[in-house]
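Residue numbers (this note's numbering): 131 to 425. Note that beta-carbon positions come from the ideal geometry of N, C-alpha and C, so glycine has one too. Please read these numbers as outputs of a predicted model, since none were measured by experiment. A quick write-up on the structure given underneath.
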C-alpha cells in the first residue's frame, strides 16, 4: 500500500517537472491513460516524454544492478571520497538544478555557478572516474526518490567510432540526441579521444572534425536549452582539446589541492587491487617521496 502511495506521489512530481500546472488530460485521468496507452504512444509526443522519464521500481532496479556490477557500491561510496567534497557537491548541485530542477537552487543559483557541462581535468590517478561514478550513483538515487528516472549515458570512443566513413558522426548524434530527450547524466571518459586538435587533412582527421562539430552542436543545445541533462567529461590531456570545445565546458582541475591523505588513499586502493596486502601504503608513499626528492 505504501509502495502505491509513493508511486502516485512520484508520478505527480514527474508531471509537475514536465508539464508545470497545465497537465494533459491523460495525466489527470490515470484510468483513461491505461485504456488509451497504445494510441497515446503513437500520436502524443508529451506522453512519450512522460513514459521515458517515468520511474518504476523495475526500471530503476535494472539500472542499479548494472551500476552495482560495474561500480560496486562498497567501493564507489561518498564515504570513500577524500578531499573532493567541493567537486562532489558541485556535480550534485548542478544535477539538482538542471535535472531535478530543485526550486531552491533554481531561485538562488545561475547556470554559471552550477554549470550543465563540466570537464574534469587531471593526471592519471587523480580520481576522475571515481568521483564521477560516486556522484552518478547519488544522482540516480536522488532522482528515484524525487520520482524521476535518470538515465546514465556513459560514452567511450569504442561506442562511437566506426570504420565506415560518416557512421561515427551519426552514431554520436544518435547517442547524444537520445540523452537530451530524457532526464539524464552523460559521462564521456578519455574525452581527448573525441575533442583532440586535428588538422583535418586525412580522411580520418576529417571524420574527427565532423564528430567534434557534432559534439559542439549538441553542447550548445544542452548548455543554452532547457533539456534536463548534465554533461561530465574527463581528460588527462586538457590542453590537447580543441579550444572551441573547451569554451563550452567548465573546467574543474583535479590536479589542484592534492593532499597526502588523498595520495595515501590512491596507494591503498592500488595495493588492494594488486593483492599486495603485505605492503603498507604509508611505507610505499614515503619511499616514493624520497625517490622524488633525490631526482
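Candidates 175, 324 and 218: closest to residue 376 by CA position = When the alpha-carbon of residue 376 is set against those of 175, 324 and 218, the nearest one is in 324.
ask   = What's the gap between the Cα of residue 410 and the Cα of residue 356?
value = Going from the Cα of residue 410 to the Cα of residue 356 covers about 50 Å.
request  = Evaluate the contact criterion for the region 217 to 235 versus the region 392 to 405: three or more CB pairs, one atom per stretch, below 8 Å.
outcome  = Proximity of the region 217 to 235 to the region 392 to 405 falls short of the contact definition, fewer than three beta-carbon pairs being nearer than 8 Å.
inquiry  = So if DSSP puts residue 383 in a beta bridge, which residue, or which two residues, is it bridged to?
reply    = BP columns for residue 383 point to 251.
Euclidean distance between Cα positions of residue 369 and residue 188 = Each residue's alpha carbon lies about 43 Å from the other.
key: Endpoints, the alpha helix (DSSP H) within which residue 172 is located   = Segment 167 to 173, the alpha helix (DSSP H) holding residue 172.
message = For residue 306 and residue 339, I'd like the C-alpha separation in whole angstroms.
response = Distance between the alpha carbons of residue 306 and residue 339 is about 17 Å.
query = Terminal residues of the continuous alpha helix (DSSP H) containing residue 259?
reply = Element bounds for residue 259: 258 to 275.
ask   = What is the rounded straight-line gap between the Cα of residue 139 and the Cα of residue 275?
value = With a pLDDT of 46 at residue 139, under the threshold of 50, the modelled position of that residue is not reliable, and no figure is offered here.
task = Tell me, to the nearest whole angstrom, how far the beta carbon of residue 248 is from that of residue 380; I am working on the premise that it is less than 8 Å.
result = Going by Cβ atoms, the distance from residue 248 to residue 380 rounds to 5 Å, so yes, they are a contact pair.
query = What did DSSP end up calling residue 138 once you bin it into helix, strand or coil?
reply = Confidence at residue 138 is low in this model, with a pLDDT of 40, below 50, so the placement of that residue should be treated as unreliable; the coordinate-derived value is given next. Here residue 138 sits in helix by DSSP.
ask   = Skipping 5 residues on each side, what residues in its chain have a beta carbon closer than 8 Å to that of residue 224?
value = Excluding sequence neighbours, residue 224 sits near 244, 245, 246, 248 and 360.
query = What alpha helix (DSSP H) runs, 4 residues minimum, are completely inside the region 303 to 369?
reply = DSSP runs (the alpha helix (DSSP H)) wholly in the region 303 to 369: 322 to 325 and 333 to 354.
query = Sorted by chain position, which residues of the same chain lie with C-beta nearer than 6 Å to residue 283's C-beta, five sequence neighbours on each side aside?
reply = 309, 314 and 316, listed in sequence order.
inquiry  = For a test of the three-state rule: what should DSSP assign to residue 212, helix, strand or coil?
reply    = If DSSP states are grouped into helix, strand and coil, residue 212 belongs with coil.
task = Could you have a look at residue 202 and say whether DSSP puts it in helix, strand or coil?
result = Three-state result, residue 202: coil.
request  = Taking 7 Å as the cut-off, decide whether the C-beta atoms of residue 344 and residue 303 are in contact.
outcome  = Their beta carbons are under 7 Å apart, which means residue 344 touches residue 303 by this criterion.
key: Extent of the continuous beta strand (DSSP E) run through residue 282   = Where residue 282 is concerned, the enclosing beta strand (DSSP E) stretches over 281 to 285.
task = Would you identify the three-state DSSP class for residue 278, choosing helix, strand or coil?
result = Residue state for residue 278 is assigned as strand, using DSSP reduced to three classes.
query = Closest by CA to residue 158, which one among 173, 177 and 191?
reply = The residue among 173, 177 and 191 with its C-alpha nearest the C-alpha of residue 158 is 177.
task = Return yes when the Cβ of residue 222 is within less than 7 Å of the Cβ of residue 364, no when it is not.
result = In this structure, residue 364 keeps its C-beta atom at 7 Å or more from the C-beta atom of residue 222.
ask   = Alpha carbon to alpha carbon, how far is residue 131 from residue 171?
value = The predicted position of residue 131 is uncertain, since its pLDDT is 41 and thus under 50; a value taken from the coordinates is nonetheless stated next. The straight-line gap from Cα to Cα measures roughly 28 Å.
request  = Could you tell me how far apart the beta carbons of residue 257 and residue 366 are, in whole angstroms, since I believe they sit closer than 8 Å?
outcome  = That belief does not hold up - the Cβ atoms of residue 257 and residue 366 are roughly 12 Å apart, past 8 Å.
ask   = Between which two residues does the alpha helix (DSSP H) harbouring residue 410 extend?
value = Per DSSP, residue 410 belongs to no alpha helix (DSSP H) and is neither H nor E.
request  = Can you check DSSP and say which residues form a bridge with residue 193?
outcome  = Answer is none; residue 193 lacks a bridge partner.
Beta-carbon proximity of residue 371 to residue 322, cut-off 7 Å = Yes, Cβ-Cβ distance for residue 371 and residue 322 is below 7 Å.
request  = Check the C-beta distance from residue 213 over to residue 387 and give it rounded, since I have them as a contact under 8 Å.
outcome  = About 7 Å separates the two Cβ atoms, so the contact holds.
task = Could you spell out the range, first to last residue, of the alpha helix (DSSP H) harbouring residue 236?
result = It spans 233 to 238 - the alpha helix (DSSP H) in which residue 236 sits, taken as one unbroken run.
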